[in-house]
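Heads up: the sequence shown runs through residues -22 to -1, 1 to 94, numbered per mature numbering (1 follows the signal peptide of the UniProt record, and there is no 0). Before any comments, here is the structure.
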Amino acid sequence: MGVKLIPEGHIMYLLLSPIALAHWIMSDGQSHGNLGLFLCTHSFSIPDVVRLMNVLMVRYNLDCTLRMDHGKYPMIYIQARSMPKLQTIVSSYMDPSMLYQIQHIPPKMSISLSLE
């Protein structure tokens, strides 16, 4: 697996625009049920993932944490409490078919009828 690099300094605060964030979610986002959202960052080093998280936390005020996939690959987890804020930031830039990534709808109730 190749290693991707994140530039140091303030350039990422400019590059990670709402449009760029929307595209990142559409291509590498994983909805976590009715909870938060994972951003797959498997090809980045941990310091670079922390740098990306810093942009999400400082520029967009999103609550996110570092998670390890299979104990080996870093991923960014955007917590459920930040999802309404994230929706406001990116939904207008996302293809309608991809909005399920950020629109956390309560699970449907199943009803079973018993005729006895």
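Glycine is no exception: its CB is placed at the ideal position from the N, C-alpha and C atoms.
| message | Suppose the cutoff is 6 Å on Cβ atoms and the five residues either side in sequence are ignored; what does the same chain contact list for I24 look like? | response | Same-chain partners within the cutoff: P52.
| By a C-beta neighbour count over all protein chains shown, 10 Å radius and 16 as the cutoff for buried, is G14 buried or exposed? | Counting Cβ neighbours within 10 Å, G14 comes out buried, since at least 16 surround it.
| Continuous beta strand (DSSP E) stretch holding R45: start and end | R45 -> beta strand (DSSP E) spans 42 to 47.
| field | Candidates S5, P(-16), H10, M35: closest to A58 by CA position | value | It is H10.
| said: Would Y71 and I(-4) be called neighbours here (beta carbons separated by less than 8 Å)? | reply: It is a contact, given that the beta carbons lie within the stated cut-off.
| task | Sort out for me which residues DSSP pairs K(-19) with in a bridge. | result | DSSP lists F22 as partners of K(-19).
| Beta-carbon proximity list for V33, same chain, < 6 Å, skipping 5 on both sides | Sequence-distant partners of V33 (beyond 5 residues in either direction) whose C-beta falls short of 6 Å from its own C-beta, in its chain, are M(-11), Y(-10), L(-7).
| query | If we call anything under 8 Å between Cβ atoms a contact, is R45 one with Y55? | reply | Yes.
| When the distance is taken between beta carbons, is I3 closer than 8 Å to Q81? | Not in contact: Q81 and I3 (Cβ atoms no closer than 8 Å).
| Inter-residue spacing [alpha-carbon to alpha-carbon] between H1 and L77 | Rounded to the nearest angstrom, the two C-alpha atoms are 11 Å apart.
| task | Could you tell me if S88 is buried or exposed, where buried requires 16 or more neighbouring beta carbons within 10 angstroms of its beta carbon? | result | At S88 the pLDDT is 48, less than 50, meaning the model places this residue with poor confidence; the figure from the coordinates comes in the next sentence. S88 is exposed by the Cβ-count criterion.
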